[in-house]
Each structure stands twice: as C-alpha cells, then as structure tokens.
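For reference, the structure discussed in these notes is given below.
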Amino acid sequence: MGSLDFPSFMTILISGLCTGGVYGLFSSSFSFQLGALNVADFSFGSWLMLSMYLTFFMYKEWNIGIIPFGVILFGSYFIISFLMSKFIYIKRKTDDNMIITMGISLIIQNAATLLFSSYPRSLGIIEKTIVVGGVQITITKLIMLFLSAILLLGFQLFLNKTWTGKTIRAVVQNKEVASLMGINSNRVINLAFSLSYVMLAASGIMLVTLFSVEPTAGGFYQMMSFFICIIAGLGNIRGAFFSGLLIGFLTAILNIISSQFAMVMMFLIFVIFLVVKPTGLFTAKSRG
Amino acid sequence: MIIMDDKKKNLLKSSLGVIALLVVLLLLPLIQTSMMPFIMNLLIMSFIYICLAESWNILAGFCGLLSMGHCAFFGLGAYITVMVIIYFDMTLLLAILISVLFNSILAYIIGAISIRVKDIFFAMVTLAVAQLLFSLSMQWVDVTRGPRGLIMPPLYNLDRRYLYYIALAMVVIYVAIVLLIRRSRLGTMLLSLRDNEILAKSLGVNTSKWKIVATIISAVMASLVGSFYILYIRSVQPGSVFTFDVTMKIMIVAFIGGRGTAKGPILGAIIIIIDELIRGWLGGTYAGLPGIIYGLILALFVVFMPNGLISIFNLKDKSTSRSAPKKEVI
Amino acid sequence: MLLNINNLSVNLGGLNILHDINLNVNDREIVVVVGANGAGKSTLMRTIIGLNKASSGTILFENKEINTLQSYERANLGISLVPEGRMLFSDMTVLENLQMGAYPYRKNPKRVKENLEKVFDLFPVLYKNQNRKSNTFSGGEQQMISIGRGLMGEPKLLMIDELSLGLAQKIIDLLLKTVQKLLLNNISVLMVEQNVRQALKIANRAYVLDNGSIVLSGSGEDLLNNDHVQKAYMGL
Ligand SMILES: Nc1ncnc2c1ncn2[C@@H]1O[C@H](COP(=O)(O)OP(=O)(O)OP(=O)(O)O)[C@@H](O)[C@H]1O
Ligand SMILES: [Mg+2]
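Protein chains in written order, with our numbering: chain A, 18 to 305; chain B, 32 to 361; chain C, 13 to 248.
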C-alpha cells in the first residue's frame, strides 16, 4: 500500500465507485425480487451473464443497432420472466423455487459454455480518460454510473407516481391487504417480476462495457447482489443502489490492500456484517 | 386389519429387497474380473454421494433449510483432515476428530446467523461460505498449495477393498441415522418446525435451537464423508470439493431419490453412476452438456416429480416427503 | 339478504378453528360479533373475504355463492374488510392509501375524487394531512385511514375487525358514531369488537362466538342484558 501515491489511490477509488453504480443497479433489481416479491432467484446472475453475452455479440457480430437490440432484449426478458413467474414461481414454495432457479441457472451457464466456450469475451472499448489533478477518470465508467443512477431514479418515479407503480408497492408491502382492495396480487407480482428482469437486462448491457464476460460470471454477480441487498436491507431499492456504491468502493480498497485476498476479505466482512446487523444498513420501515 | 397386513407385507418385501442388495454389495468385491476396479470406483463414488445426500436431507427434508453450499462441510472435512496430518503429524483419528470439530463450529456459526433472518438466507449464507472456502483454498497458496491442492501422505494408503467396505458401512449407518432421527423426538420436532414454524413456536418448541442442532449434525456427517474422500482419492483440490458442482450433485441425488427420505438417495445415486459413465464417454468434448442435463433434471424433477423416484416405488418412506408442492393460494 | 353464511367450518394448520357457523347480515344493518381472544373472530372475517379457505359450508353474498372466488374478486363484488391492526400501507401517504382503496375504478378519476371527498367529509383530520406518510399518525387516525380506505371501494358490506383496538374512549365514540352514519349510505356493517358494551349498543343484531362456535345470538339489546354475556364479556 505504501508505494501508492494519492492520485492513483483516488483513481482506483473513483473507478470502484463507478462500477459500484452498476452493481447498485442490478442489486436493486435483485433486492426488489428477493425482499419485495419474495422470490429467491438463483438464476439471476446467469440471466445477467446472458444479457452481457448477447450484448457482446450484438456489438461484435450481429449487425443490429443498439435500439432494436434493446427492444428485442428487453421484450424477450420481459416475456420470458412473466411466463416463468406465472406458470412456475408464483405457485410454488420458496425452497422449490430456489432449486428450480438453480437448475435454470445451470442450464444457462452450461449452454453458454457449450455455445460460446469458456473463453472470456471483452468488448475491448478503448477507454477515454479525463485527468483531474492527477486523478484519472474513465469516461465509460462515469457514463455508466450516471446511467444507472438515472435508470433507478426512473424506476423510483414509476413506483411512486403511476397507478401501476403504486399498486406494485401496495402488493409488495402486503399482498393480503392489497387483495382486500380488489387488486389481483398475483398478476401484479408477475408484472413486477418481469420489470425486474428488464432492469437486469439493462444492467447486463452496461456491465459488458466495463468487464469481460465468461459463463461463470453469473455466480460472482449473484453473490455480489446478495451481499449488496443484505447490506441495504431486503427490498430496499434505493438503499441497494447506495450499498452498491459502497461495495464498489470497498472492493477497490480491498484490492489495494491485497488483491490476492480481496474476495476472501469481502466474504468475511459479509459474514461479520450478517452477524452484527442482519437487517441491513438502510432499513427503517417495517412491513405489515 | 387388512391394511395392517398389507403394511407388514410391504415392509417384509422392502426389507428383503434391502437385505438382498446388501448381500450382493458385500460379496461383490470377491468377484475377480478386470472390470472390478472400475465398478468399485463407481460404487464408492455413489456411496460418497449417498452419504452426502443423507446429510443434506437432514436439513432440507427435516427442517426445510436448503443448504446450497453443502460442499463446504464436505471439502472442509477433507482439507482439515489432510492438513492436520501433513502439518501437525497427528494420527488419522485425531485428524478426523479435529475436522469434525471445525465443521461443528462452522455449522454453529452458519446456523446462528441464518436463523436470525429469513429462510432464504440459509441458502445464501451456505452458498457464500462455500465460495469463501473456495477462494481461500485457491489463494492461500502457502498452506493449501492453491489449485494444485494437497496430497495425503503414502502412510495412509488403504486397500481399495477396505475403502469399499468402509463406504458401504457409512451408507448403512447414515441411512440408519436418518431413519432413527425421524422416529425420535428430534425428528418429530424438526418436522413440526418445517411444516408450520409458527405453530411449532406457539407450542413452545425452541425452533432456533433445533435448527442449529440439525445444522451441526448434518455438517458432521458431511465432514466425515470428506475425511473418507481424502483417504480414498488421496488428494484434494479446491476445484474438486468446493465448487458448486459438488453441491449440485448432492442436491440432485437427494432430489431424484426423494427429498427428505432416508432411502431416496440410494435410488438417486443412479445419477452418479450415469454421470461417471457419460463423462468417461464424452470426455472433454461438449463441455457444458452434462451441466445442461443436470439443470434440466433438477428443474423438471421439482416441477413434475417433487417427491422423487421413491414415490414410484412407494416404499413407505413418504412420511417426511412433501405432500403438497403447491403454495397455499390466498 | 346481503350476507348469508351456512354451516361454515374452517380448518387452519390442521386445527378446527370455526365449526358450523350460521350468520346473516341484512341490508342496512349493523351486526356485531363478540368473543374472547382466540375465539376465531378474525378467522371468520378473513374467511368471508377469502383470505382463509372454508373447509365446508357456503357463503352467499347477495344470494350468490362466493366460496370459490379469490379475495380480490370478492372485494370487487362490494365486500370490504378493515383488517385487524389497521394494516395501512405504511410507506404511502394518506392520499395514496385512500387511492389504493379506489383501485377497482382507478380509470375513472372523477369517481375517485368524489369518493375521496366523501371520506374527507367523514374524517376532516385526514384532509388536512393527506400528504403525510400514514405511519406518522396516531392509532385513532390510522384507524380512520383504514376505514376510509375500506369505504373507498364503495362496499355494500363493510367488515371491521377490532375497531377499538388500543384506542382512547373519545376516539372510539367518534368512530362508532361514524359507523352508524354509514347505514344512511346503504352500507351494512359487520364488526368484531372486544369493547362489548359499546358495540352492542349500536348493534342491530349480535352473535357471541366462543371457541369457534356461535353460542348465542339475538338483538343487540337482548345480548346486552344477557347474564352470560354480562359475566363473560363485560366483567359484571
Ligand atoms: N394460520 C393459522 N394456523 C393455525 N392456527 C391459526 C392460524 N391463524 C389463526 N389460528 C388460530 O385460530 C384461533 C382463532 O384465531 P383468530 O385470530 O381468529 O382469533 P380472534 O378471535 O380474532 O382473536 P383476537 O381477539 O386475539 O383477535 C387461534 O387459536 C389462533 O391461534
Ligand atoms: Mg382477531
């Protein structure tokens, strides 16, 4: 650590913060699934990985623009997840769902190995950087940080201002009471689940601009989203974004301390955190 | 009365079947063919996974706690056993005891953390612990030699036939343990806890305590299998014990046989045999294909045959399997 | 007849909670169910709205059997439940809570607005604080929000579970008066109360639920003067 001068230190931290933003985005969506919709989705990371791959091929090999691609990707994620929620997840117990999603995760991950090989792929975007007082900031990363913040803000606005959003919030808070208002809670949950998948697809597009992707990447992101949403408190969407920033930051620092044991330390911190404050940092509300 | 007779008949039939199977398995190593080492390896691997699935079943079947990182207990058992022998030059027995101790502590911590929060945490925490142990064993090269793993000193080279009998004995004991637990007060307690935790609590069952106890029992069972594994394979690498592949195989064996049943894993072990054969046959080509098949099996079994193969055989072993896979619709 | 329950039994977690319940609610009527803790009052209400399943018996609403309907479908028919413990959407404002009650006709802003005005007329306190988060209100005010939210669904039958739970006398009086006013709007009320004396005073008819069975029924006045009721529930 001693050999590190201040500007390089800041460079690493800011870079960590920016990737933390994207972590925050997909973790918010995971947090929403886990805490709000009560789906323990172990295929989450694999779907994220798949979205990264598809984006990679869209950019490198297929000749379709980003807009049609986005429409197709979001549309298919929406439809697939809606059908899965409706026909599989919503009818079953949590532990059955854990196993089913685990199976789906295995299928996606291994299909990726079979089709795309286990070789890591990277978009290889040439990084433009700006330098402020010796601190380097990568433009792509900065853009991704803002983009994730904006997407989340949009999602929050949707939840707070529209009828559909408010209905989702009501169902999330208390499915039973929502049904007393004449709300078909199950349908709302299917819809909300699909929306979280659209957010997931968007995160995949953004992630692949920053990192390379390989079939096993899903496991790492799954773990990350779990950490982040525990730290935020289950179901806390905004909290998950800030926890994402925090984790991005922390990963950067741990990597400075010892890149070899960064992951190990991360797990330890997480376990300690679970012992000390299992309800999360940003929890305030109790849910009915 | 007629029903009782039927029950007795079935019991007799199934115990006759079990005895016949045991006799065959006991006599098998006496046959001399060139295929024998291959067959014995297949069987020992199956026995290992049967035992692991029994241990997993104690949590999933009795408590409804899904351990998604069961390989952690197993791998830790293997690693600690070999490490104690290599670095501290202790006897095998002591090494096994120490690994059991470590696993109990780990299980206690996991249990204590996860019962404070929702049930899905148990799955997540076990998964995280397995990942932690994987990265630790990869990175802590000075002690674990990283990906190259550790090798058992030649002093403990046991004859394959002894190992076969040890593994077989373990299977018998593990099945017996699960059957015993189920008939004991502990089993009743755990089942009441799984089926209706709120009710169990209101009846004064200390649910947290029993969940921790079950976690420790299960971890110790897996740890012993780990110790056996290092005796049998004689080397251990992070990739062979701490990966999700191992946990997944355990879950598949338990699921295909019948979740939460004592005899189910014996049927489920078929998949281990098929797996070894397919891997031998496909070799390195089509990397990923077995994984896809496993994923499909896992998902399809939960959806279409939630009570596993044992439900076809109707082996009177359904008392802990789930009666209704559906969530109550409000 | 608005609500007609015949031989209803309910089983929860393997336990028989309600046995052979027969109960009616007529148009423009306040019906009160009294009973000790754990008698099964909440279970009864939850079963009527469909949150619990009946194991046998029939529930007729406006002479139509509703046993097989989901709870949201029953709500859409005109049954509202003000649940025990109020159960507001705690991170929503008063206005949002009330709006959720208007969900079935959300596409008709005019109707939503009219009903909001009606609720605000009943509970002027809410009008002043409509943009405050609902969890910042006192217990009595929260009960008003919960009742208001129930009324927003334009119910024909309003069920209230433990209206007076944990509230001061003054507020209970006010809420009970409001409940009486509802009859003028053609809303019938089925309520569960621990505050037996006051509830029976405003009741047209009442039932006593003991250990999952109805042991007594009659006009509010009759039960008020009944020895058993006085001894068991009014501490006389
Ligand atoms: N989901 C459930 N599973 C098992 N038993 C239940 C369940 N819900 C309620 N009970 C039991 O049913 C009985 C009646 O409960 P209920 O809540 O209907 O009583 P209550 O009359 O409303 O009581 P209180 O005055 O305390 O509100 C209680 O003994 C309760 O423990
Ligand atoms: Mg009650």
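Note that beta-carbon positions come from the ideal geometry of N, C-alpha and C, so glycine has one too.
Keep in mind that this is a model prediction, so the values were computed, not measured.
Beta-ladder partner(s) of residue i, from DSSP
| i | result |
| --- | --- |
| residue 181 of chain B | B:267 |
| residue 145 of chain C | C:105 |
| residue 180 of chain C | Its beta-bridge partners do not exist; DSSP assigns none. |
| residue 76 of chain C | C:73 |
| residue 46 of chain C | C:205, C:220 |
| residue 146 of chain A | A:155 |
| residue 91 of chain C | C:169 |
| residue 57 of chain A | None, per the DSSP bridge assignment. |
| residue 23 of chain C | C:28 |
| residue 200 of chain C | C:169 |
Where residue i sits in the DSSP three-state scheme
| i | result |
| --- | --- |
| residue 349 of chain B | The pLDDT assigned to residue 349 of chain B is 43, lower than 50, so where the model puts this residue is not dependable; a value taken from the coordinates is nonetheless given after this. Here residue 349 of chain B sits in coil by DSSP. |
| residue 118 of chain C | coil |
| residue 240 of chain C | helix |
| residue 28 of chain C | strand |
| residue 222 of chain C | strand |
| residue 177 of chain A | helix |
| residue 113 of chain A | helix |
| residue 18 of chain C | strand |
| residue 336 of chain B | coil |
| residue 155 of chain A | strand |
| residue 105 of chain A | coil |
| residue 36 of chain C | strand |
| residue 73 of chain B | helix |
| residue 187 of chain A | helix |
| residue 1 of chain A | In the structure as shown, chain A starts at 18 and stops at 305, and residue 1 of chain A therefore has no counterpart that could be examined. |
| residue 176 of chain B | coil |
| residue 227 of chain C | strand |
| residue 138 of chain A | strand |
| residue 150 of chain C | coil |
| residue 67 of chain C | strand |
| residue 318 of chain B | coil |
| residue 275 of chain A | coil |
| residue 229 of chain A | coil |
| residue 158 of chain C | helix |
| residue 37 of chain A | helix |
| residue 312 of chain B | helix |
| residue 214 of chain B | helix |
Cβ-Cβ separation, residue j to residue i (assumed contact under 8 Å), whole Å
| i | j | result |
| --- | --- | --- |
| residue 14 of chain C | residue 39 of chain C | 5 Å |
| residue 40 of chain A | residue 252 of chain A | In fact, because the Cβ distance is near 17 Å, the residues do not count as touching under 8 Å. |
| residue 187 of chain B | residue 123 of chain B | 6 Å |
| residue 340 of chain B | residue 288 of chain B | 6 Å |
| residue 86 of chain B | residue 108 of chain B | At roughly 10 Å, the Cβ-Cβ gap does not stay under 8 Å, so residue 86 of chain B and residue 108 of chain B are not in contact. |
| residue 138 of chain C | residue 159 of chain C | With 8 Å as the limit, residue 138 of chain C and residue 159 of chain C do not qualify as a contact, their Cβ atoms being about 10 Å apart. |
| residue 65 of chain A | residue 221 of chain A | 5 Å |
| residue 283 of chain B | residue 302 of chain B | 6 Å |
| residue 216 of chain C | residue 43 of chain C | 7 Å |
Closest Cα partner of residue i within the set the options
| i | options | result |
| --- | --- | --- |
| residue 114 of chain C | C:89, C:147, C:166 | C:166 |
| residue 64 of chain C | C:82, C:51, C:77 | C:82 |
| residue 162 of chain B | A:276, A:211, A:241 | A:241 |
| residue 280 of chain A | B:170, B:301, B:59 | B:170 |
| residue 183 of chain C | C:100, C:16, C:155 | C:155 |
| residue 185 of chain B | B:94, B:265, B:299, B:277 | B:265 |
| residue 63 of chain A | A:287, A:99, A:121 | A:121 |
| residue 225 of chain C | C:134, C:62, C:16, C:48 | C:48 |
| residue 183 of chain B | B:208, B:262, B:135 | B:262 |
| residue 175 of chain A | A:213, A:36, A:97, A:56 | A:213 |
| residue 171 of chain C | C:141, C:205, C:178 | C:205 |
Contact set between the segment 316–327 of chain B and chain A, restricted to residues whose Cβ is under 8 Å from the partner | 317, 318, 319, 320, 321, 322, 323, 325, 326, 327
Listed in chain order, which residues of the segment 92–120 of chain B have Cβ atoms closer than 8 Å to some Cβ of chain A?
-> 95, 97, 99
Using Cβ-Cβ distances below 8 Å, what residues of the segment 172–193 of chain A are close to chain C?
-> Against chain C - using a Cβ distance shorter than 8 Å - the residues of the segment 172–193 of chain A are 180, 183, 184, 186, 187, 190, 191, 193.
Looking at chain B, which residues of the segment 116–135 of chain A have a Cβ within less than 9 Å of any of its Cβ atoms?
-> 116, 117, 118, 119, 120, 121, 122, 123, 124, 125, 126, 127, 128, 129, 130, 131, 132, 134, 135
Short-range partners of chain A found in the segment 28–45 of chain C, where Cβ spacing is below 7 Å | none
Which residues, in order along the segment 49–72 of chain A, keep a beta-carbon less than 8 Å from a beta-carbon of chain B?
-> 51, 57, 59
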